[in-house]
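This report refers to the structure that appears directly beneath it.
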Amino acid sequence: MLTTVREHTNLLVVEGASNMSSVRSKASIITFMGPVGVGKSTQMRLLEDHLKSENIRVVKTFIKSSHGLAYVLGRLLLALGANEQVLYPDGFARFYPRKDVVRGLFTLWSFLDTLSIAIKFFFTVYVPFSLGFTILIEEGLLMTLHTYLVSFPSFFKTQPKVLPLLPSLLGWIVGKNHVNVVLDATNEELGRRRIGRSYRQNELPEYVNLQKKWIKRVNFGDTIIETTDDSVIEVHKKIVAALEKRGVHKCTLRGR
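Take any residue in the sequence shown, count from 1 to its spot, add 2: that is its number in this note's numbering.
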């Protein structure tokens, strides 16, 4: 099923890239992906500081479902009692909107989500990139598509006919000076790192494994960095070296 999704997504990306107008810019778009707890936010902050020290203008953003209006709809469903409990390892429980209710509202929910993502994309990616800023994106549009795959697997059994804007936006990104930085680690190490966070300290192993499979099967020449045995600073240096090798920016990136 993932192969079918990738083939269809690739087709939409090519079509999207050919239809979007070209924006001349010496800036870069760098998307950080990886399973929950791998350290994307931390590495983005370090890279942001590094780029700014090189006098490179940077905008940092986060793009993933559910955004804005769709998030408000989800919170409303929780407030109305349309929720279900999900048990996590170690007995932790979290409440989510009931899947059957969300499926029933899928047209509305996907419209609100796509609209919110498009607005955020315009103001935090398209506009600053057009002005010469380098954009750092956490998660990104590929991981947004993964969320839809996990939440609505039957939706992908046939050619997706909703959310055509997401692959089009992805096509625009791929057509620019862009690279995906994929961070990975063993499940044991991911669990250890999540314990030290102030939020989402628990995560379903099945979801983490699905994230890993999706990233491996749907990729566009990603830069993959294994982080299990490395310190935060060592991972940062690997990222800087990888970006320099890929030539994603006119400036030479020197590890500290």
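Glycine residues also receive a C-beta, built at the ideal position from the N, C-alpha and C atoms.
Classification of residue i by the beta-carbon crowding that lies within 10 angstroms, buried from 16 upward
i, result
"GLN45", "buried"
"THR109", "exposed"
"ASP231", "exposed"
"LYS54", "exposed"
"VAL61", "buried"
"LYS42", "buried"
"VAL129", "exposed"
"SER132", "exposed"
"GLU56", "exposed"
"GLY249", "exposed"
"VAL74", "exposed"
"ILE139", "buried"
"ALA95", "exposed"
Same chain, Cβ closer than 7 Å to residue i, five either side skipped, listed in chain order
i, result
"GLY76", "SER68 and PRO99"
"SER23", "Annotation note: pLDDT 36 at SER23 (below 50); position unreliable, coordinate value reported separately. Taken in chain order, the list of residues that qualify is empty."
Residues near residue i in its chain [Cβ-Cβ closer than 8 Å; skip 5 each side]
i, result
"PHE97", "LEU80, ASN85, GLU86, GLN87 and VAL88"
"ILE227", "VAL183, VAL184, LEU185, ASP186, VAL237, LYS240, ILE241 and ALA244"
"LYS218", "none"
"VAL40", "LEU185, ASP186, ALA187, LEU192, ARG195 and THR229"
For residue i, the residue or residues it bridges with in DSSP
i, result
"MET35", "VAL184"
"TYR98", "GLU86"
"ILE139", "THR33 and THR63"
"GLU228", "ASP186"
Assumed close pair residue i, residue j - CB separation to whole angstroms, cut-off 8 Å
i, j, result
"ILE58", "THR136", "6 Å"
"LEU49", "ILE241", "6 Å"
"VAL152", "LEU212", "6 Å"
"THR225", "VAL181", "6 Å"
Candidates the options: closest to residue i by CA position
i, options, result
"GLU191", "VAL210, SER30 and LEU49", "VAL210"
"LEU71", "HIS238, LEU167, LEU171 and ASP115", "ASP115"
"VAL103", "HIS180, LYS122, ALA95 and LEU82", "LEU82"
"PRO207", "VAL38, ALA29 and ILE32", "VAL38"
"ILE119", "PRO169, GLU141, LYS66 and MET35", "LYS66"
"PHE64", "TRP111, ASN179 and ILE121", "ILE121"
"GLU233", "ARG195, ARG199, LYS215 and GLU205", "The sequence given here places Ser at residue 233; Glu does not occur at that position. Closest by alpha carbon: ARG195."
"PHE123", "TYR150, LEU167, LYS101 and LYS247", "LEU167"
"SER170", "PHE125, LEU144, ASN204 and ILE139", "LEU144"
"MET35", "THR146, TYR150 and ILE235", "THR146"
"GLY173", "VAL152, LEU151, ARG199 and GLY142", "GLY142"
"GLU246", "GLU205, LYS215, LEU117 and ASN179", "ASN179"
"ASN204", "LYS214, ASN189, TRP216 and LYS215", "ASN189"
Residues of its chain near residue i, where Cβ-Cβ distance is below 6 Å and the 5 sequence neighbours each way are ignored
i, result
"ILE175", "ILE31"
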